[in-house]
Amino acid sequence: MLKRLYLKFREERVFLRALCVFVFTALTLHYTIGYDADWGGTNLTLSIEAAIASAVIMMEQKRSGDIQQRQLEALLAMAESARERDAEQIALMRALKESDERLLKALTEGEKS
């Protein structure tokens, strides 16, 4: 739930607007009333957000990697199934061809006699 909310907040437009508002507010307060004179609070806030972002991004990459792995395994299973089906069809086609050749041979020999 929190991760989904955070990811929604991290969408480009929402995050850029919030970041611009935060930076503008921090600059305004700093230069007008001397708030956060050494920029420690601002730095800490941005560092915490960056740490949270990196953790969430790593979790999403892992989840995405897991999904891709499952998709790859499913594709591999489908390809193996298709290969087996194709091998069965090839065997059937060969049997039909051999049967047709025998029938043709029997018919051509029957016409000669």
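Count along the sequence shown from 1, then add 30; that gives the number in our numbering. All residues carry an ideal CB built from backbone N, CA and C; glycine is no exception. Remember, it's a predicted structure, so these values are computed and weren't measured experimentally.
* Distance between F39 and E90 (C-alpha atoms, nearest Å) -> So the two alpha carbons sit approximately 15 angstroms from each other.
* Whole angstroms is fine: what's the gap from Y65's alpha carbon to T58's? => Going by the C-alpha atoms only, they are around 9 angstroms apart.
* Contiguous alpha helix (DSSP H) assignments of at least 4 residues, all confined to the region 39–87 -> You should have 42–63.
* To do: Measure the CB-CB distance between T72 and A56 and report whether it falls below 8 angstroms.
  => In contact: T72 and A56 (Cβ atoms closer than 8 angstroms).
* Using DSSP with H/G/I as helix, E/B as strand and the rest coil, what is M31? -> In the three-state scheme derived from DSSP, where H, G and I count as helix and E and B as strand, M31 is classed as coil.
* Asked: For R34, which residues of its own chain have a beta-carbon under 7 angstroms away from its beta-carbon, when the five flanking residues on both sides are left out?
  -> None.
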